[in-house]
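Report on the structure given below.
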Amino acid sequence: MKPLNRIKIDWSNDLAYIIGLITTDGNLNSDGRHVDFTSKDILLVKTFKKCLRIKNKIGLKTSGFSDKKYPHVQFGDVTFYRWLLTIGLTPHKSKTLGELKIPDKYFFDFLRGHFDGDGCCYSYWDKRWRSSFMFYITFVSASGKHILWLRQKIKRLTGIIGNLPKINRDRIYQLRYAKKESKILISKIYYKEKLPCLLRKYKKIKKILNIENKENARVM
0 MKPLNRIKID WSNDLAYIIG LITTDGNLNS DGRHVDFTSK DILLVKTFKK
50 CLRIKNKIGL KTSGFSDKKY PHVQFGDVTF YRWLLTIGLT PHKSKTLGEL
100 KIPDKYFFDF LRGHFDGDGC CYSYWDKRWR SSFMFYITFV SASGKHILWL
150 RQKIKRLTGI IGNLPKINRD RIYQLRYAKK ESKILISKIY YKEKLPCLLR
200 KYKKIKKILN IENKENARVM
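With numbering that gives the first Met the number 0 applied, the sequence shown corresponds to residues 0 to 219, in that order.
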């Protein structure tokens, strides 16, 4: 009997974004059928559902590191699950994740999902230099192999290199881009308005860019 296919498996901007979310905050259940997605941001879980066009109920799930409960959705689709395996995702992927088969055309949608899941952006004024506003975009993973692949793929498509700081005590790998390279990456990730994204992070980036633009205008 052929497995029931609920999710449309056809590469698109939305699907690539979803793969980015699953890569960071998702999980393939060991039963070979169910896919889970958990996030601290309920709006991100709602966006996940909207992009996949699923109506499964959002529940709460405890984190593996604390008793705190977070918004969570689970759905079953054997065909979609098996397809995820073919592009490189696996159950218990955190430390074993490597290269993923993401088409170049949709890579930056995937990267936006990756960023919304586990990435961060931050900024500060460097007191060592007058009027020196600094900001960074960072991607993280428990898998060194995956973070190296991510860096190489970004370099091939944009020419930017990024930086790999030393591994911290939690064995988390970071891929970090400073201001000049971050601006290039931001233009690729948010290439038009009203893309599916975590609005909180998008607004933070817009605020950072506004400060940067005002500072550049003042200096000129």
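All C-beta atoms in this analysis are idealised placements derived from N, C-alpha and C, irrespective of residue type, glycine included.
For residue i, which residues of its own chain have a beta-carbon under 6 Å away from its beta-carbon, when the five flanking residues on both sides are left out?
i      : result
Asp108 : Asn12, Ala15, Tyr16
Ile18  : Phe109
Counting contacts by CB-CB distance shorter than 8 Å, is residue i in contact with chain B?
i     : result
Thr46 : Judged by its chain identifiers, the structure shown contains no chain B, having just a single protein chain.
Give the range of the beta strand (DSSP E) segment to which residue i is assigned.
i     : result
Tyr69 : 68 to 75
Lys60 : 58 to 61
Asp35 : 33 to 37
Asn26 : 25 to 27
Could you check the C-alpha separation between residue i and residue j for me, to the nearest Å?
i      : j      : result
Leu59  : Glu214 : 43 Å
Met219 : Phe36  : Because Met219 sits at a pLDDT of 49, beneath the cut-off of 50, its placement in the model cannot be relied upon, and the point is left open.
Tyr176 : His113 : 15 Å
Thr157 : Leu149 : 12 Å
Lys126 : Lys178 : 16 Å
Asp117 : Thr23  : 6 Å
Val77  : Arg170 : 32 Å
Lys202 : Lys54  : 27 Å
Gly31  : Trp10  : 22 Å
Ile101 : Thr61  : 31 Å
Lys39  : Ile159 : 30 Å
Tyr265 : Ile21  : The chain is shown from 0 up to 219; residue 265 falls before or after that span and cannot be answered.
Please work out which residues of its chain come closer than 7 Å, Cβ to Cβ, to residue i, disregarding the five sequence neighbours upstream and downstream, and give them in chain order.
i      : result
Tyr190 : Phe107
Ile166 : Tyr172
Thr95  : Thr89, Ser142
Lys68  : Leu59, Lys60, Thr61
Note down, in chain order, each residue of its chain lying with its Cβ closer than 8 Å to the Cβ of residue i, except the 5 sequence neighbours on either side.
i      : result
Ser131 : Trp124, Asp125
Gly97  : Gly87, Ser142, Lys144, His145, Trp148
Gly161 : Arg150, Ile153, Lys154, Leu174, Arg175, Tyr176, Glu180
Asp103 : Leu156
Lys49  : Pro195
Starting from residue i, trace the alpha helix (DSSP H) in both directions and tell me its first and last residue.
i      : result
Gly118 : Counting along the chain, Gly118 falls outside any alpha helix (DSSP H), and DSSP gives it neither H nor E.
Thr46  : 41 to 51
Counting only runs that start and end within the region 121 to 171, where is the beta strand (DSSP E) found for 3 or more residues in a row? 131 to 140
Can you confirm whether the region 188 to 202 touches the region 43 to 61 when touching is taken to mean that 3 or more C-beta pairs between the two stretches lie within less than 8 Å? yes
Would the region 108 to 126 and the region 26 to 34 be scored as touching if the rule is three or more Cβ pairs under 8 Å? Judged by pairs of C-beta atoms under 8 Å, the region 108 to 126 does not touch the region 26 to 34, as fewer than three such pairs exist.
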